[in-house]
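Asks: Below is a structure I'd like to ask you about.
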Amino acid sequence: MSQKSFHVMVIGGGLGGLCLAQGLRKAGISVAVYERDRTHNERLQGYRIHIEAMGNRALHDCLPPHLFDAYIKTTGSAGTGLLMSDEQLNHLMEFAVDLTKQNNLLESSRSVSRITLRQVLLAELDDVIQLDKCYSHYQENADGSVTAFFADGSSATGDLLVAADGGNSRVRQQFLPQAQRVETGTVAIMGKVALTPRSTHCSSLTSSIGQPLCLDPKDVASSLPSTTSVARPGSGSGA
Ligand SMILES: Cc1cc2nc3c(=O)[nH]c(=O)nc-3n(C[C@H](O)[C@H](O)[C@H](O)COP(=O)(O)OP(=O)(O)OC[C@H]3O[C@@H](n4cnc5c(N)ncnc54)[C@H](O)[C@@H]3O)c2cc1C
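Taking UniProt numbering, I'd label the letters of the sequence shown as residues 1 to 239.
Structural data, given as C-alpha cells:
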C-alpha cells in the first residue's frame with residue numbers, strides 16, 4: 001500500500017494527537033483527527049507546560065519550520081528546576097535543570113503557554129480536524145481496516161486508529177481492558193500568583209532551585225471549594 005492511500009485516524013485533538021497529526025501531514029500521510037470538544041476554546045486546558053529536549057526535538061521533527069519557529073519564539077526558559085515537597089513542605093525530591101544548555105533552544109528545557117502551544121499545533125490543520133466528534137468505540141473489519149464510531153451516529157474508516165484521547169482513553173478501554181488507571185493517593189493543586197516581593201519570598205522559603213510543587217494527601221481535594229481547580233496526574237491539565 002502506498003503512503004498516500006494509507007489513512008490514519010487519531011482520536012483526540014490534545015497536545016499528543018495534534019503533534020502526531022502535524023508529523024503525519026509533514027510526512028505526506030493522510031490523517032484525520034476527531035475531537036469531542038465543539039470548539040477549540042471550549043475549555044481551558046491548563047496554563048503552562050515544560051517541554052524537555054526530547055519534546056523540543058519531537059516538535060522540531062513534526063512541525064513545518066515556520067511553526068516550529070513560532071513555538072520557539074513563544075517559549076521561555078523553564079527556570080532552574082522543580083522541587084516537590086509534601087504538605088508539610090518537607091522536600092521529597094528536586095529536579096535541577098542543566099543550566100549549561102540554557103542557550104541551546106532545542107536541547108534546553110522550555111516553558112510555554114499551553115494555550116499558545118495548542119494554537120501552534122492547531123495551525124493549518126483545519127482540513128484535518130473534525131470537532132464535536134465524541135468517539136464511542138471501534139470495530140476491526142475483515143479487510144484489515146478499522147471503523148471508529150461516534151456519539152452522533154456517524155462513523156469513519158481508516159487503516160490505523162490512534163488513541164490520543166487522554167488518560168481516560170475510550171480506545172484503550174476497548175483495546176486493553178485489563179489496563180486500569182491506578183489511584184496514587186496524591187493530587188497536585190496548581191495556581192497562578194502575582195509575582196510580588198512577598199510571593200517571591202514565600203517561594204524561596206520552600207525551594208532554592210525554582211518552582212515549588214507541594215503534594216498533598218488526597219483527602220485535601222474533597223475539602224476544597226468546588227471552584228478550586230485540582231489537577232490529577234493524567235487528567236490533561238498542565239503545569
Ligand atoms: C498537573 C499536570 C501538569 C503537567 N505538566 C506537564 C509538563 O510540565 N510537561 C509535560 O510534558 N507534561 C505535563 N503534563 C502531562 C501532559 O499534560 C500530558 O502528558 C498531555 O496533555 C497528554 O496529551 P494527550 O494529547 O495524550 O492528552 P490530552 O492533552 O488529555 O488530550 C486528549 C484529548 O482527547 C479528547 N478526547 C477525550 N475523549 C475523547 C473522545 N471520547 N472522543 C474524542 N475526543 C476525546 C480531549 O477532549 C482532549 O482534547 C502534566 C499533566 C498534569 C495533569
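Think of the CB as a built atom: it goes at the ideal place given N, C-alpha and C, for glycine as much as any other residue.
(1) Would you identify the three-state DSSP class for F6, choosing helix, strand or coil?
(2) Over the uninterrupted alpha helix (DSSP H) stretch that includes Q119, give me the two end residues.
(3) Count the other CB atoms, across all protein chains shown, that sit within 10 Å of the CB of Q178; report buried if there are 16 or more and exposed otherwise.
(4) What would DSSP say about R198, mapped onto helix, strand or coil?
(5) Shorter than 7 Å, the distance from the beta carbon of A179 to the closest heavy atom of ligand 1, or not?
(6) Go through its chain and collect everything with a Cβ distance to S174's Cβ below 7 Å, but skip five positions before and after it.
(7) How about V128 and A58: are their beta carbons less than 8 Å apart?
(8) Cβ-heavy atom distance between R36 and ligand 1 below 7 Å?
(9) Quick test of the definition: if touching needs 3 or more C-beta pairs under 8 Å, does the segment 85-101 touch the segment 23-39?
(10) Quick check: does the Cβ of I11 come within less than 7 Å of any heavy atom belonging to ligand 1?
(11) Do the segment 105-120 and the segment 40-55 meet, that is, are 3 or more Cβ pairs less than 8 Å apart?
(12) Distance, Cα to Cα, G16 vs L117?
(13) With H, G and I counted as helix, E and B as strand and the rest as coil, what does DSSP make of H40?
(14) Check whether the Cβ of H50 lies closer than 7 Å to any heavy atom of ligand 1, and answer yes or no.
(15) If I measure Cβ to Cβ from Q119 and keep anything under 6 Å in the same chain, skipping five residues before and after, which residues do I get?
(16) I'd like the list of long-range same chain contacts for D152, defined as Cβ closer than 6 Å, with 5 residues on each side in sequence excluded.
(17) Can L67 and A27 be called in contact, C-beta distance under 8 Å?
(18) So G158 is in the beta strand (DSSP E); what residue range does that whole segment cover?
(19) Can you grab the Cα-Cα spacing for the pair R114 / F6, in whole Å?
(20) Starting from the C-beta of A164, find all residues in its chain whose C-beta is less than 7 Å away, skip the five residues before and the five after it, and write them out in chain order.
Replies: For this structure:
(1) Start at 1 with the first residue of the sequence shown, and residue 6 comes out as number 6. In the structure shown, F6 sits in coil (DSSP, three-state: anything other than H, G, I, E or B).
(2) By 1-based counting over the sequence shown, the position of residue 119 is 119. Judged by DSSP secondary structure, Q119 falls within the alpha helix (DSSP H) whose first and last residues are R114 to L122.
(3) Reading the sequence shown from its first residue, position 178 is the one you call residue 178. Counting other Cβ atoms within 10 Å of its Cβ, Q178 stays below 16 and is therefore classed as exposed.
(4) Here residue 198 refers to the residue found at position 198 when the sequence shown is read from its first residue. Three-state DSSP puts R198 in a helix.
(5) Your numbering for residue 179 matches position 179 in the sequence shown. Result no, Cβ not under 7 Å from ligand 1.
(6) In the sequence shown, residue 174 corresponds to position 174, counting from 1. Looking at the sequence shown, residue 174 is not Ser but Gln. These residues qualify, in order along the chain: H137 and Y138.
(7) Taking the first residue of the sequence shown as position 1, residue 128 is located at position 128. Taking the first residue of the sequence shown as position 1, residue 58 is located at position 58. Contact: no.
(8) Here residue 36 corresponds to residue number 36 of the sequence shown, with the count starting at 1. At least one heavy atom of ligand 1 lies closer than 7 Å to the C-beta of R36.
(9) Under the 8 Å Cβ criterion, the segment 85-101 does not count as touching the segment 23-39, having fewer than three qualifying pairs.
(10) As a first step, residue 11 must be located in the sequence shown, where it is residue number 11. Yes, the Cβ of I11 comes within 7 Å of a heavy atom of ligand 1.
(11) With contact defined as three or more Cβ pairs closer than 8 Å, the segment 105-120 and the segment 40-55 are in contact.
(12) On the sequence shown, position 16 is the one that residue 16 refers to. On the sequence shown, position 117 is the one that residue 117 refers to. Each residue's alpha carbon lies about 11 Å from the other.
(13) As a working mapping, residue 40 is identified with position 40 in the sequence shown. Here H40 sits in coil by DSSP.
(14) By 1-based counting over the sequence shown, the position of residue 50 is 50. H50 Cβ: within cutoff of ligand 1.
(15) Counted from its first residue, the sequence shown places residue 119 at position 119. None.
(16) Here residue 152 refers to the residue found at position 152 when the sequence shown is read from its first residue. Excluding sequence neighbours, D152 sits near nothing in its chain.
(17) In the sequence shown, residue 67 corresponds to position 67, counting from 1. In the sequence shown, residue 27 corresponds to position 27, counting from 1. Contact: no.
(18) As a first step, residue 158 is located in the sequence shown; it is residue number 158 there, counting from the start. It spans S155 to G158 - the beta strand (DSSP E) in which G158 sits, taken as one unbroken run.
(19) As a position in the sequence shown, residue 114 is number 114, starting the count at 1. As a position in the sequence shown, residue 6 is number 6, starting the count at 1. Rounded to the nearest angstrom, the two C-alpha atoms are 31 Å apart.
(20) The count along the sequence shown starts at 1 and reaches residue 164 at position 164. Around A164, the same chain offers V10, I11, G12, G14, G16, G17 and L20 as residues with beta carbons nearer than 7 Å, after the five sequence neighbours per side are excluded.
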